[in-house]
Amino acid sequence: MAELDIALKDMMMLDGAIGAAVVDYGSGMALGVLGGTKSLSIETAAAGLTEVVRAKLRTIEQLGLSEQIEDILISLSSQYHLVRPLHGRRSNGLFLYVALDRSRGNLALARHRLRDIEETLEV
């Protein structure tokens, strides 16, 4: 679990980070969560995003595409919600999730950092 804790802390070090999670999209359960606010439950958001990931994976399969999702972005008026499904041998079926304050977050940097975290994370 040390690697999981490090990944969560790395995501929370992003400028504007509100909360972060590593989620099993098969079960919808968060393996680890850090941050959040009174108005943003990271656990609830992560569970809801599970449905988004599943739906997109089903659609890619139905279309017969041989593609992988790099990331999914949901832009709200004050926040970015960034999801990165993991494709490694030991982490397949999981995704990284980070919520960012839109006025302080750097979306390009967040995408880059999530890719780096994915490459080093072993669950």
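Just so you know, we're using our numbering here: the sequence shown kicks off at 48 and counts up by one. We put the beta carbon where it would ideally sit given N, CA and C, even for glycine.
Three-state class that DSSP yields for HIS128 in the structure shown = Looking at HIS128 - three-state DSSP - the assignment turns out to be strand.
Thinking C-beta only, is VAL145 closer than 9 Å to MET76?
-> no
Status (buried if at least 16 other CB within 10 Å, exposed otherwise) for LEU112 = Counting every other CB atom within 10 Å of its CB across the protein chains shown gives LEU112 a total below 16, marking it as exposed.
Please say whether GLU90 and ALA68 have beta carbons closer to each other than 9 Å?
-> Taking a C-beta distance under 9 Å as the contact criterion, ALA68 and GLU90 qualify as a contact pair.
Between the Cα of GLU165 and the Cα atoms of LEU143, ILE121, MET60, VAL100, which residue gives the shortest distance?
-> Ranking the options by Cα distance to GLU165, first place goes to LEU143.
Do ILE65 and LEU161 have their CB atoms nearer than 9 Å?
-> no
Reference SER74, options GLY95, LYS103, LYS85, GLU108, closest by Cα | Nearest option by C-alpha distance: GLY95.
Measure the CB-CB distance between ASP62 and ARG158 and report whether it falls below 9 Å.
-> no
PRO132 and LEU120 closer than 9 Å at C-beta | no
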